[in-house]
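Protein chains in written order, with our numbering: chain X, 53 to 165; chain S, 14 to 125.
As structure tokens, this is what we get:
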């Protein structure tokens, strides 16, 4: 069965620091999709990125970047020059042939000014 | 922009009551989902639906049922609410299975 592990329960940084959120996944399928979502204090989950298993290119979007490594089954998320508005819970998720989106437990990010 | 609307942000009910949580999406999405979110456990899938009048059990369906009479509306029903169902409930929809799910604001349900 598929599984997503976010080992970091909570991370605190000072504004402008870089921070990396770790995500490790397990699946037996060769075709799968990985996602990152952000949940700000308001509660609504916001989609950030989707990556399929055949595309190992890293992606950068502004201050956000994602590192996908199939060899280590990891899909890590880095925020460069963090800001207070980045404070949220971040979830990594996986969907494979089972067609159910499985979430990690989430990482709480606190960015202090 | 996709809009998923949940009927209540906060709800307080009593043990044994039948509770209805409503969710409506406005983008003609085929797939709709109900999750519950608990600290340290992430989001867990309760039920999902790929089409009208169709439903599939997720990972934790016990104590819940669902109804999808119209494509845009997906209801979660707690048949006889219990205190261990106190949680945040999130509804989501997607156009296709592998595409991103769009979430509502959530309903924080307390069972007393």
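All residues carry an ideal CB built from backbone N, CA and C; glycine is no exception. Please read these numbers as outputs of a predicted model, since none were measured by experiment.
Problem - Delimiting residues of the beta strand (DSSP E) encompassing residue 111 (chain X) - result: Unbroken beta strand (DSSP E) run through residue 111 (chain X): 111 to 113.
(request) Can you have a look at residue 44 (chain S) and say buried or exposed, based on whether 16 or more other CB atoms are within 10 angstroms of its CB? (result) buried
**OP:** Show which residues of chain X have a CB atom less than 8 Å away from the CB atom of residue 110 (chain S).
**Re:** 147 and 151
* Mind listing the chain X neighbours of residue 113 (chain S)? Cutoff is C-beta to C-beta under 8 Å, in chain order. => 87, 99 and 102
Environment of residue 138 (chain X) [buried if 16+ CB atoms lie within 10 Å] | With 16 or more other Cβ atoms within 10 Å, it is buried.
- Using a C-beta to C-beta distance shorter than 7 Å, which residues of chain X count as neighbours of residue 54 (chain S)? 157
- Message: With H, G and I counted as helix, E and B as strand and the rest as coil, what does DSSP make of residue 122 (chain X)?
- Response: The answer is helix: DSSP assigns residue 122 (chain X) an H, G or I state.
| said: Residues of chain X with CB closer than 7 Å to the CB of residue 116 (chain S), please, in chain order. | reply: 96 and 97
TODO: Within its chain, find whatever has a CB closer than 8 Å to the CB of residue 130 (chain X); leave out the 5 residues flanking it on each side and keep chain order.
DONE: Hits under 8 Å: 70, 71, 72, 73, 116, 117, 118 and 119.
Practice prompt. Answer with yes or no whether the minimum CB distance from residue 101 (chain S) to chain X is below 9 Å.
Written response: Chain X contact via Cβ: present.
* To do: Can you have a look at residue 86 (chain X) and say buried or exposed, based on whether 16 or more other CB atoms are within 10 angstroms of its CB?
  => buried
Interface flag, residue 34 (chain S) vs chain X, CB-CB below 9 Å
Chain X contact via Cβ: absent.
Can residue 136 (chain X) and residue 160 (chain X) be called in contact, C-beta distance under 9 Å?
no
Query raised in the report: Are at least three pairs of beta-carbons, each pair with one atom in the region 26 to 40 of chain S and one in the region 51 to 67 of chain S, less than 8 Å apart?
Result: In short, these stretches do not touch, since the Cβ pair count stays below three.
- Task: Measuring alpha carbon to alpha carbon, tell me which of X:88, X:62, X:150 and X:127 ends up nearest residue 166 (chain X).
- Result: Not covered by the structure: residue 166 (chain X). The range shown for chain X is 53 to 165.
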